[in-house]
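First to last, the sequence lines map onto chains A and B.
So in the working numbering, spot 186 of the first sequence is number 186, and the numbers just go up one at a time.
In the working numbering, each number is its position in the second sequence, counted from 1, plus 414.
For each residue, glycine too, the CB sits at the ideal point set by N, CA and C.
Here is the structure we will look at.
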Amino acid sequence: MLKNYLIIAWRIALQRKLFTLINLLCISLTLLVLLVLTALLENTFQPTGVEGKSPRMLQILTMLSYNDERGNSRHSPLGYKVITDYIKPLPSAELVAAVSLPESTTVYQAERTTDLLMRRADAAYWQILDFEVLSGRVPSAEDVATGRFVLVLNQSTAKQLFGQQPAVGQKLNVGGQQFEVIGVVADVLQLNSFADMWAPVSTYPSSDYQHQMWGNFTALILTRDAANFTAIKQELATAIVDFQFDDPAMWSDVRIWADTKLDIFARMLLQNERQADSGAATLLMIISALMLLFMLLPALNLVNLNTGRMLERSTEIGVRKAFGASRQQLIWQFLVENLLLCTVGGLLGLVLAAAALEVIESSGVIPYLQVNINFTVFALGMLISIIFGLLSGIIPAWRTAKLDPVHALKGARR
Amino acid sequence: MIKLSAISKNYHTDKVQTRALDNINLQVDAGEFVSIMGPSGCGKSTLLNIIGLLDRPASGQIEINGQLLGNYSDSQVAKLRNQTFGFIFQSFHLINELRVIDNVELPLLYRKMPATERRAKAKAALEKVGLTARMEHFPNQLSGGQQQRVAIARAMVGEPQILLADEPTGNLDSQMGAEVMSQLLALNQAGTTIVMVTHNEQEAKHSNRIVRVFDGQLVQ
Ligand SMILES: Nc1ncnc2c1ncn2[C@@H]1O[C@H](COP(=O)(O)OP(=O)(O)O)[C@@H](O)[C@H]1O
Ligand SMILES: [Mg+2]
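Okay, here's the thing in structure tokens:
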């Protein structure tokens, strides 16, 4: 029976090429958008590679200082002193890294200058993040402690500055300071790791940064286990109760949250800077709702198309009923047909999505992006197609299957 | 075999009520060949469709093989249509997306039957109407007469007790019509009960009995 359903589904698909095409495009384009989005979101929230330790990592991107009585409020990255005084001592933290946000810096070479993004980081940064070292090495604890002018480049930058020559061992004037390139790492695009080059935090021209409460730093906190997240958050909350501002008259309160990647985005988007709950659950719900809504429109369109198509096939329905098909059997037939169509559309969408991601990656629209269609995304894609198939198939199937055979044979249009 | 008692049927369209059938009493016995005749629009098709359970009467009772059809469920009615009746329509109603052999096999799909047996029965039915050579063709590659013979094969493949034919020769020229008639007669000779709607007095003469309908009522 199933074989017969499939055969007629196939024949009808061939017979009604335009309809089939519209149907397939409808599904595969929707899926394409959803899958590309999901892959990008996954890449952001659950990265593999350089920030692969994210599942047991908390981050502090910003702090909010305020004094409501005076109407003062300042939302900024952390000062280095905040990290050394309040975050590094947290008992449940296995490792805490301080790293500056990428700063635009000029590199001077004999015949040209180049503007590049540079981060300055402490030694723990290189332990928490798993950079893929292509040649040379990354800074050691000793490099950072003694303030050596050593520099790490990413692959693209090394090529940009030195062409085919090996970068390691080269001398480079960065913002007026003389550095030696000690390593080249692979290109990456993730929240804490993207930059063109890296130097030890101790190479700042002035040591003022060590005494600043506000600065350009973010903190990465590595724990043994995600189970420690709550402990860390509590310890942090306790630690900053006695927060010492430079100017206590101007500033009275501070809010610092140790967040997962998802939390960071949620907090940013939902403006939850003052409360412990980042709103991640809400964000996930909003994303799911948007995705569903995005699917609903083409699904409704398909319901319409399908209803029209089935009424066109009312003779077939009438004949089948006249020769003994029950309502249930007809509903099954149409559902199988629709599921088949949607599954094919889904597979097509997956192929399109993989191709689109490939194009996005290689086009460089988003520099250094690396995303893959993994099993989760694939399963999600197929699930979406099946939901599509059921959604857009069941209503028309039910409506047509309950037609009286005479009406169906007369080509009822209602 | 079939007994209709006090069958009525109305159609409502745009506030106009048509009484398509009015208090019909009719009995068809096993092995009979009954012709239904009457002017256009008098209710012949409606009557045939009600006999074949393709349509429901507004009132009245239907008895098939001594069984009164009360509140039969959809699947019970489907089973009756499948096992008791075979239909032949004026405009053939073959499924154009299916090959001839698949069209003929269709009624057997709704029985529990192995695929090889279905195929064998469909082939045998096509052989009887002389169209084995056209098995793999699609319906629109055949002439009208050939299509109606495929439809006869389809109606017969499940060996139903009763064959219902609504103007089976209406869309055919006289030669093709004669061929179709001779096949129906052969089937009747072999024991199948036939109820046929026709406009053609000549064809009606072949049957055992002529039932005349006028304005939704039987006339003597
Ligand atoms: N689906 C329908 N809706 C409204 N009126 C109908 C419908 N089918 C048939 N009729 C009307 O019922 C009457 C009988 O129709 P029908 O049984 O098809 O006649 P015949 O087959 O004798 O030509 C006609 O007046 C026809 O217009
Ligand atoms: Mg008629």
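Quick one: is residue i near chain B, going by C-beta distance under 7 Å?
i: A:A322; result: yes
i: A:I394; result: no
i: A:V319; result: yes
i: A:N4; result: yes
Anything in chain B within Cβ reach of residue i, meaning under 7 Å, just list it in chain order.
i: A:S326; result: D488, S489, A492
i: A:T315; result: H507
Under 7 Å between C-beta atoms, does residue i make it to chain A?
i: B:P521; result: yes
i: B:N585; result: no
i: B:R548; result: no
i: B:R495; result: yes
i: B:N463; result: yes
Give me the chain A residues within the contact set of residue i, using Cβ-Cβ distance strictly less than 7 Å, ordered along the chain.
i: B:E511; result: I8, R11, I12, Q15
i: B:N479; result: Per Cβ cutoff of 7 Å: no residues; B:N479 is ~17 Å from chain A at best.
Assign residue i to one of three DSSP states: helix, strand, or coil.
i: A:A412; result: Low per-residue confidence applies at A:A412: pLDDT is 49, beneath 50, and the placement is therefore not dependable, though the value from the model is reported in the following sentence. Looking at A:A412 - three-state DSSP - the assignment turns out to be coil, as it is neither helix nor strand.
i: A:W493; result: The structure shown has nothing for residue 493 of chain A, since chain A only spans 1 to 414.
i: B:S454; result: coil
i: A:Q164; result: coil
i: B:E581; result: coil
i: A:R16; result: coil
i: B:F552; result: coil
i: B:A420; result: strand
i: A:P200; result: strand
i: B:N602; result: helix
i: A:R120; result: strand
i: A:D253; result: strand
i: A:N23; result: helix
i: A:G215; result: coil
i: A:T106; result: strand
i: B:I438; result: strand
i: A:D143; result: helix
i: B:V430; result: strand
i: A:L189; result: coil
i: A:F334; result: helix
i: A:H75; result: strand
Ligand 3 heavy atoms versus the CB of residue i: any closer than 6 Å?
i: B:S449; result: You won't find ligand 3 in this model; what it holds is ligand 1 and ligand 2.
Applying a beta-carbon distance threshold of less than 8 Å, which residues of chain B neighbour residue i?
i: A:D404; result: L468, D469, R470
i: A:M1; result: L523
i: A:Q329; result: A492, Y524
i: A:L409; result: L468, F503, H507
Residue i versus chain B: which residues are under 9 Å apart at the beta carbon?
i: A:M268; result: Within 9 Å Cβ-Cβ: nothing; A:M268 doesn't reach chain B, min ~55 Å.
Which residue's Cα is closest to the Cα of residue i: the options?
i: A:T282; options: A:F294, A:L296, A:I264, A:L297; result: A:I264
i: A:W198; options: A:L95, A:D208, A:I240, A:D143; result: A:D143
i: A:N67; options: A:L357, A:P248, A:I240, A:Q164; result: A:P248
i: B:H620; options: B:K429, B:I421, B:F447; result: B:F447
i: A:V152; options: A:M382, A:T146, A:A121; result: A:A121
i: A:A239; options: A:P89, A:D225, A:L347; result: A:P89
i: B:I465; options: B:N585, B:L512, B:V430, B:K423; result: B:K423
i: B:R548; options: B:T530, B:V518, B:R532; result: B:V518
i: A:V99; options: A:N306, A:E337, A:V201, A:I256; result: A:V201
i: A:D415; options: A:L236, A:D130, A:Q15; result: Because chain A is modelled from 1 through 414, residue 415 of chain A falls outside the range shown and cannot be assessed.
i: A:W214; options: A:V254, A:G176, A:V181; result: A:V254
i: B:N479; options: B:M415, B:M590, B:S487; result: B:M415
i: A:M63; options: A:A354, A:V336, A:Y80, A:E51; result: A:Y80
i: B:L578; options: B:Y486, B:L482, B:L556, B:Q504; result: B:Q504
i: A:I22; options: A:N304, A:E312, A:S92; result: A:N304
i: A:F179; options: A:K410, A:G147, A:T260; result: A:G147
Residues of chain A with CB under 8 Å from residue i, in chain order?
i: B:F501; result: A322, F323
Do three or more CB pairs link the segment 208 to 221 of chain A to the segment 55 to 71 of chain A at distances below 8 Å? Segments in contact, yes.
Counting pairs of Cβ atoms below 8 Å between the segment 501 to 512 of chain B and the segment 566 to 577 of chain B, do you hit three or more? yes
Along the segment 553 to 575 of chain B, where does the CB come closer than 9 Å to a CB of chain D? Name the residues. Structure shown: chain D not included; protein chains present are A and B.
On the three-pair Cβ rule with 8 Å, is the segment 332 to 344 of chain A touching the segment 435 to 447 of chain B? no
Tell me, please, whether the segment 291 to 303 of chain A touches the segment 455 to 463 of chain B by the rule of three or more beta-carbon pairs shorter than 8 Å. Segments in contact, no.
Given 8 Å as the limit, is there contact between the segment 63 to 77 of chain A and the segment 375 to 395 of chain A, that is, 3 or more CB pairs closer than that? no
Are there three or more Cβ pairs, one per stretch, closer than 8 Å when the segment 392 to 408 of chain A is compared with the segment 587 to 606 of chain B? no
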